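Q: The structure's right below; bear with me while I get my questions together.
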Amino acid sequence: MSADLRQSHGAPASRQRPPARPRELQDGLNHRLYHPLAWRLAVQLSATPVTPNAVSVAGALLVVMAGLAYVGLPWPVGALAGLCLHMSWHVFDGTDGDLARLTGRSSPSGELVDGICDYASHIVLYLLLGFQLQQSLGAIAWLPTLGAGLSRVVQANWYETRRRQYQWWAYGVPWLRQTQDQRGPRASWLGAAYLKLAQRTGPRSEALDAAIAGAADDAQALVRVRQAVRDASKALLPPSPLLGANYRTIGLGLSMLAGSPLWYFLYEAAALNLLLLASILRAARGERAVSLGLAHAPAPSTRR
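Each residue of the sequence shown is one higher than the one before, counting from 0 in numbering that gives the first Met the number 0.
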């Protein structure tokens, strides 16, 4: 889901133009396919009683339906139907945020509801695929299934929190770290767990956080810091969209077309974890470079 749209706007937005999303945060599929479709669907739903949270739940049901198609329909019909249903989830995953923006229904809980729907539905998907794989491999099938599932949790957490942290640094878009205190005890516990995992896998980001906080009362300095972050977007953002959900969906579909989820599970547990490690190291270097650049940059002149 586009967290910037779900949280940062409290009043209804215009239906004439789709939301302006930073290009560096969009891969080709989002930019050309999913986000345009999500916006059109949100415009249609904005005249109905459907809420953003209801769209999140509907998206979760699409993921579960994809799993049922993968394991319940004959090949290749099941593989193709599962892939199409799973790809449809990406449209709904953007629609909830766009609908919140259009209708003024944004709330601090929206991001958390969307995250719960995403994680819960994919747990069901992996369990369904694991049971299918067990039919051919026996109990050992759960090793790659659980390995891939746990890997996805860590990889997706890092990928999404990295992007959302960048949006805060570069554009001032608040996310879970800024709104966590507005939630109830249970929501705060879930949010804390989500952030704790992100802290264990990524750079601590204190230097850039301090730079943003230190410039909060100086508009000119804040613009300078945010521009420095945007200029370093390639170093700060995940270097490959393969860690994102879009290409995981395609990878799983291709694996099912090849006859088994095993190939995808091995890819996710091995190749994507190596990519994650390289991405974490790269992001840490990027943060150090930006922080050093800001520390050594001359202060703007106050002379007129």
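No residue lacks a Cβ here, since even glycine has one placed at the ideal position from N, Cα and C.
Computed from a predicted structure; not experimentally measured.
Apart from the five residues just before and just after M0, which ones in its own chain have a Cβ nearer than 6 Å to its Cβ?
A: Residue numbering aside, residue 0 sits at position 1 when the sequence shown is read from its first letter. Unreliable placement is indicated for M0, whose pLDDT of 48 sits below 50; no coordinate value is reported for it.
Q: Determine the contact status of G148 and Y125, defining contact as a CB-CB distance below 7 Å.
A: Position 149 of the sequence shown, counted from the start, is the residue given in the question as residue 148. Position 126 of the sequence shown, counted from the start, is the residue given in the question as residue 125. For G148 and Y125, yes; Cβs fall inside 7 Å.
Q: By DSSP, does W174 sit in helix, in strand, or in coil?
A: The residue labelled residue 174 in the question sits at position 175 within the sequence shown. Three-state DSSP puts W174 in coil, outside helix and strand.
Q: For C83, is the classification buried or exposed, using 16 other Cβ atoms within 10 angstroms of its Cβ as the cut-off for buried?
A: To locate residue 83, count along the sequence shown from 1; it is residue 84. By the neighbour-count rule (16 or more Cβ atoms within 10 Å), C83 is not buried but exposed.
Q: Would the beta-carbon of L98 fall within 7 Å of that of V56?
A: Residue 98 sits at position 99 when you count from the first residue of the sequence shown. Residue 56 sits at position 57 when you count from the first residue of the sequence shown. In this structure, V56 does not lie closer than 7 Å to L98 by Cβ.
Q: If you draw a straight line from the C-alpha of L72 to the C-alpha of L256, how long is it?
A: Taking the sequence shown and counting its residues from 1, one reaches residue 72 at position 73. Taking the sequence shown and counting its residues from 1, one reaches residue 256 at position 257. One C-alpha to the other measures close to 12 Å.
Q: Suppose you measure from the CA of Q304 to the CA of N245; what does that come to, to the nearest Å?
A: Residue 304 is absent from the structure shown; the chain starts at 0 and stops at 303.
Q: Going by DSSP, what residue range makes up the alpha helix (DSSP H) through S45?
A: Taking the first residue of the sequence shown as position 1, residue 45 is located at position 46. Per DSSP, S45 belongs to no alpha helix (DSSP H) and is neither H nor E.
Q: Express the C-alpha separation of A218 and E267 in angstroms, rounding to a whole number.
A: Position 268 of the sequence shown, counted from the start, is the residue given in the question as residue 267. Position 219 of the sequence shown, counted from the start, is the residue given in the question as residue 218. Their Cα atoms are separated by approximately 43 Å.
Q: Give the secondary structure of D216 by DSSP, where H, G and I count as helix, E and B as strand, and everything else as coil.
A: Here residue 216 refers to the residue found at position 217 when the sequence shown is read from its first residue. The answer is coil: DSSP assigns D216 none of H, G, I, E or B.
Q: Hey, out of H85, T47 and K233, whose CA is closest to L61's CA?
A: Here residue 61 refers to the residue found at position 62 of the sequence shown. The candidate whose alpha carbon is nearest that of L61 is H85.
Q: Give me, in chain order, the residues of the same chain whose beta-carbon lies closer than 6 Å to that of A197; leave out the 5 immediate sequence neighbours on both sides.
A: To locate residue 197, count along the sequence shown from 1; it is residue 198. Excluding sequence neighbours, A197 sits near N156 and T160.
Q: Please classify Q226: is it buried, with 16 or more other beta-carbons within 10 angstroms of its beta-carbon, or exposed?
A: Residue numbering aside, residue 226 sits at position 227 when the sequence shown is read from its first letter. With fewer than 16 other Cβ atoms within 10 Å, it is exposed.
Q: Measure from the alpha carbon of K307 to the alpha carbon of each residue in E286, I249, A210 and A209, then state which is nearest.
A: It is not possible to answer for residue 307, since the shown part of the chain is limited to 0 through 303.
Q: To the nearest angstrom, how far is the alpha carbon of T70 from that of I139?
A: For the purposes of this step, residue 70 is taken as the residue at position 71 of the sequence shown. For the purposes of this step, residue 139 is taken as the residue at position 140 of the sequence shown. The residue you asked about is not Thr; residue 70 is Val in the sequence shown. So the two alpha carbons sit approximately 18 Å from each other.
Q: Check the C-beta distance from R104 over to P48 and give it rounded, since I have them as a contact under 8 Å.
A: Sequence index remark: in the sequence shown, residue 104 carries index 105 (1-based). Sequence index remark: in the sequence shown, residue 48 carries index 49 (1-based). That pair is no contact at about 11 Å.
Q: So for R20, helix, strand or coil by DSSP?
A: On the sequence shown, position 21 is the one that residue 20 refers to. Note: R20 maps to coil in three-state DSSP.
Q: Once the 5 residues before and after S261 are set aside, which same chain residues still bring their CB inside 7 Å of it?
A: Residue 261 sits at position 262 when you count from the first residue of the sequence shown. With the sequence shown as reference, residue 261 is identified as Leu, and Ser is not the correct amino acid for it. These residues qualify, in order along the chain: L132 and P143.
Q: Which residues in the same chain have their Cβ closer than 7 Å to the Cβ of L221, if we skip the five residues on either side of it in sequence?
A: The residue labelled residue 221 in the question sits at position 222 within the sequence shown. Hits under 7 Å: A214 and A215.
Q: Go ahead and pull the three-state DSSP assignment for W74.
A: As a first step, residue 74 is located in the sequence shown; it is residue number 75 there, counting from the start. It is coil, neither helix nor strand.
Q: Enumerate in chain order the residues of its own chain whose CB-to-CB distance from A206 is below 6 Å, with the five nearest sequence positions on each side excluded.
A: Stepping through the sequence shown from its first residue, residue 206 is reached at position 207. So the list reads S290, once near-sequence residues are dropped.
Q: Could you pull out every residue in the same chain whose Cβ sits closer than 7 Å to the Cβ of P75, ignoring the five residues on either side in sequence?
A: Mapped onto the sequence shown, residue 75 falls at position 76. Closer than 7 Å at the Cβ level, and outside the excluded window around P75, lie L256.
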